[in-house]
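Here the structure is laid out as structure tokens; the discussion comes afterwards.
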Amino acid sequence: MFSHQASPDRSATQDEIRVEIRRICARFPDRYWEELDRREEYPTDFVAALRAGGWLGPLIPAEYGGAGLDIQEAGAILEEINASGGNGAAVHAQLYIMGSLLRYGSDEQKRRYLPGIAAGDLSLQAFGVTEPSSGSDTSAITTFAKKVDGGYIVNGQKIFISRVQHSDLMLLLARTTPLEQVPKRSNGMTLFLIDLRGVGDAVEIRKIDAMINHETNHVFFRDLLVPEEARIGDEGEGFKYLLASLNAERILIAYECLGDGRYLLEKAITYAKEREVFGRPIGANQGVQFPIAKAWMRLRAARAVCETAAAEYDSGHASGADANSAKWLCADASWETANVAMDTLGGYGMAREYGVERKFRETRLYQVAPVTNNMIMAYIGQNVLGLPRSY
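Each residue of the sequence shown is one higher than the one before, starting from 79 at the first, in the working numbering.
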């Protein structure tokens, strides 16, 4: 059957991580995720199991109580969750948000928050960037943090903010200088690590009724007082700091897509072997067999770029081109595999009990989130190939 295959140079640590995550996931079979999806509920028991195993702070250095792992190993965790039929989105933000805090947070911020996050006592899952009027144009955000004595007053709104109702902390990007007053569009934005506990009416959360990701929200800020010590790094440099999280986000989402692809491909292979029509397995027909084989090759190729991007990130080298390419290729490969699985199972693919329709919906998200694949192509065209700017 289809499974992750360790390359000759893959560390023992990664293989051990995959085995342990599979062991945890085995306690949460498809029916667990199907029922959660049906009831639109958060996987509380699954997250608790990860917490008990110490898997909620893999990127946090050991000095703060974390595992001190790298992005490749964190990716292995998310891939195995998705390959098991689960949904790594329940915890993935907590992993990639770490980039900005670890690289640009103050020593005091790290001492205050990282041990609690590593122990599972604090949750950092809310990532406040996207706004209703700005979409993919992050420089056009209007949520504003006005400087006052001792801190900032924040007003504005964010949209498609996942799992904020389950998060103690939020990484928030806000303007501290109006767009029309900055020499460069990416200037004048500041990053904050906000403690959501006890904010009262200053933060309002409205759940969005969505086809997938039933934990996504519209968030409103009304005169929220944020202490100065919540600011990450220097004022006005938030977009630069945010990039540390965004490249990690692209890579980790790519690993999740690989996991989705593995799950869906396994479903297609199993069904093609077992389902008989006209006296033989449908997998014997090239019209069924060839798309499955093609999906397998697409996933293998996408993995190669994903692992290259992760290795670059871990080495500290600039990885924007490969991080974005990994997200594009893995999202594309998983979506292609989802369609192949749906075609292979036919009508049964629509039935909840087979798991395909749920993963079909889940992996479709990554064509447009956390960055649309069209924006990635624009990034590659303009920043890598030197073509004229298209927007």
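Think of the CB as a built atom: it goes at the ideal place given N, C-alpha and C, for glycine as much as any other residue.
Point to revise | Cutoff 6 angstroms; reference Q217; Cβ partners in own chain excluding five residues on either side | key: Start at 1 with the first residue of the sequence shown, and residue 217 comes out as number 139. A quick correction: the sequence has Ser, not Gln, at residue 217. These residues qualify, in order along the chain: R263, S264.
Point to revise | Under 8 angstroms between C-beta atoms of R189 and T220 | key: Here residue 189 is taken as the residue at index 111 of the sequence shown, counted from 1. Here residue 220 is taken as the residue at index 142 of the sequence shown, counted from 1. Not in contact: R189 and T220 (Cβ atoms no closer than 8 angstroms).
Point to revise | Under 8 angstroms between C-beta atoms of R439 and E414 | key: The count along the sequence shown starts at 1 and reaches residue 439 at position 361. The count along the sequence shown starts at 1 and reaches residue 414 at position 336. Cβ atoms of R439 and E414: not closer than 8 angstroms.
Check your understanding: Apart from the five residues on each side of it in sequence, which residues of its chain come closer than 6 angstroms, Cβ to Cβ, to A419?
Key -> Within the sequence shown, residue 419 is the residue found at index 341, counting from 1. These residues qualify, in order along the chain: L342, K345, A346, V434.
Point to revise | Bridge partners - S214, DSSP secondary structure assignment | key: Position 136 of the sequence shown, counted from the start, is the residue given in the question as residue 214. Answer is none; S214 lacks a bridge partner.
**Study point:** Whole-angstrom distance between R328 and G371, CA atom to CA atom
**Key:** Taking the first residue of the sequence shown as 1, we reach residue 371 at position 293. Taking the first residue of the sequence shown as 1, we reach residue 328 at position 250. Residue identity differs from the one stated: residue 371 is Ala in this sequence, not Gly. Approximately 26 angstroms, taken between the alpha carbons.
**Study point:** Buried/exposed call for Q83, threshold 16 Cβ in 10 Å
**Key:** What you label residue 83 is simply residue 5 of the sequence shown in a count that begins at 1. Here Q83 scores only 46 on pLDDT, less than 50, and its place in the model should not be relied on; the value that follows carries that caveat. Classification for Q83: exposed.
Point to revise | T386 vs D400 beta-carbon contact at 8 angstroms | key: Stepping through the sequence shown from its first residue, residue 386 is reached at position 308. Stepping through the sequence shown from its first residue, residue 400 is reached at position 322. Yes; because the gap between Cβ atoms is below 8 angstroms, this pair is in contact.
**Study point:** Straight-line gap, R117 to V207 (C-alpha atoms, nearest Å)
**Key:** Start at 1 with the first residue of the sequence shown, and residue 117 comes out as number 39. Start at 1 with the first residue of the sequence shown, and residue 207 comes out as number 129. Each residue's Cα considered, the two are about 28 angstroms apart.
Exercise for review: Below 7 angstroms CB to CB, which residues in the same chain sit around R309 once its five sequence neighbours on both sides are set aside?
Suggested key: Numbered from its first residue, the sequence shown carries residue 309 at position 231. Cβ within range, chain order: T268, F270.
Practice item. Determine the burial state of V446: buried for a count of at least 16 other Cβ atoms within 10 Å of its Cβ, exposed for fewer. Key: Taking the sequence shown and counting its residues from 1, one reaches residue 446 at position 368. By the 10 Å Cβ count, V446 comes out exposed.
**Study point:** When C335, A404, A379 are compared against A389, the one with the closest alpha-carbon
**Key:** Here residue 389 corresponds to residue number 311 of the sequence shown, with the count starting at 1. With distances taken between Cα atoms, A389 lies closest to A404.
Check your understanding: Alpha carbon to alpha carbon, how far is L200 from T122?
Key -> For the purposes of this step, residue 200 is identified with residue 122 of the sequence shown, where counting begins at 1. For the purposes of this step, residue 122 is identified with residue 44 of the sequence shown, where counting begins at 1. Approximately 14 angstroms, taken between the alpha carbons.
Review point. Run through DSSP, which three-state label would A204 get?
Key: Numbered from 1 along the sequence shown, position 126 holds the residue referred to as residue 204. Under the three-state reduction of DSSP, A204 is assigned to strand.
**Study point:** Minimum C-alpha distance to G339 - residue among A416, D108, C103, F238
**Key:** Locating residue 339 in the sequence shown gives position 261, where the first residue counts as 1. Cα-wise, what sits closest to G339 is A416.
Point to revise | C-alpha distance - M453 paired with V355, whole-angstrom precision | key: Position 375 of the sequence shown, counted from the first residue, corresponds to residue 453. Position 277 of the sequence shown, counted from the first residue, corresponds to residue 355. Spanning the two alpha carbons is a distance of roughly 43 angstroms.
Check your understanding: Between L443, E112, T348, which lies nearest to M289 when the distance is taken from Cα to Cα?
Key -> Counting from one through the sequence shown, the residue named residue 289 turns up at place 211. For M289, the closest alpha carbon among the candidates L443, E112, T348 is that of L443.
Point to revise | H292 to G143 span [Cα, whole Å] | key: Numbered from 1 along the sequence shown, position 214 holds the residue referred to as residue 292. Numbered from 1 along the sequence shown, position 65 holds the residue referred to as residue 143. When rounded, the distance between both Cα atoms is 31 angstroms.
Review point. If we cut at 8 angstroms on Cβ distances, does E157 have a partner in chain C?
Key: The chain inventory of the structure shown lacks chain C, comprising one protein chain alone.
Point to revise | Backbone secondary structure at F222 - three-state DSSP | key: Here residue 222 refers to the residue found at position 144 when the sequence shown is read from its first residue. Under the three-state reduction of DSSP, F222 is assigned to strand.
Check your understanding: Which residues mark the beginning and the end of the alpha helix (DSSP H) in which M455 is found?
Key -> Along the sequence shown, read from residue 1 onward, the residue named residue 455 stands at position 377. Counting along the chain, the unbroken alpha helix (DSSP H) around M455 starts and ends at 451-457.
Exercise for review: Compute the Euclidean distance between the alpha carbons of D301 and V232, then round it to the nearest angstrom.
Suggested key: Start at 1 with the first residue of the sequence shown, and residue 301 comes out as number 223. Start at 1 with the first residue of the sequence shown, and residue 232 comes out as number 154. Their backbone Cα atoms lie some 5 angstroms apart in a straight line.
Review point. Going by the beta-carbon positions, is the gap between G337 and E157 smaller than 8 angstroms?
Key: Mapped onto the sequence shown, residue 337 falls at position 259. Mapped onto the sequence shown, residue 157 falls at position 79. Taking 8 angstroms as the Cβ cut-off, G337 and E157 qualify as a contacting pair.
Check your understanding: Hey, S178 and L320: beta-carbon distance below 8 angstroms or not?
Key -> Residue numbering aside, residue 178 sits at position 100 when the sequence shown is read from its first letter. Residue numbering aside, residue 320 sits at position 242 when the sequence shown is read from its first letter. Yes, these two residues count as a Cβ contact at 8 angstroms.
Exercise for review: Reducing DSSP to helix, strand and coil, say where R253 ends up.
Suggested key: Start at 1 with the first residue of the sequence shown, and residue 253 comes out as number 175. In this structure, R253 counts as strand in the three-state DSSP scheme.
Point to revise | H296 vs Y120 beta-carbon contact at 8 angstroms | key: Along the sequence shown, read from residue 1 onward, the residue named residue 296 stands at position 218. Along the sequence shown, read from residue 1 onward, the residue named residue 120 stands at position 42. In this structure, H296 keeps its C-beta atom at 8 angstroms or more from the C-beta atom of Y120.
Review point. Looking only at C-alpha atoms, which of S323, Q187, N160 sits nearest to R100?
Key: The residue labelled residue 100 in the question sits at position 22 within the sequence shown. Looking at the Cα atoms, N160 is the closest of the given residues.
Practice item. Could you check which residue in E258, H170, S397, A380 has the C-alpha nearest to that of L407? Key: Your numbering for residue 407 matches position 329 in the sequence shown. Comparing Cα positions, the closest option is A380.
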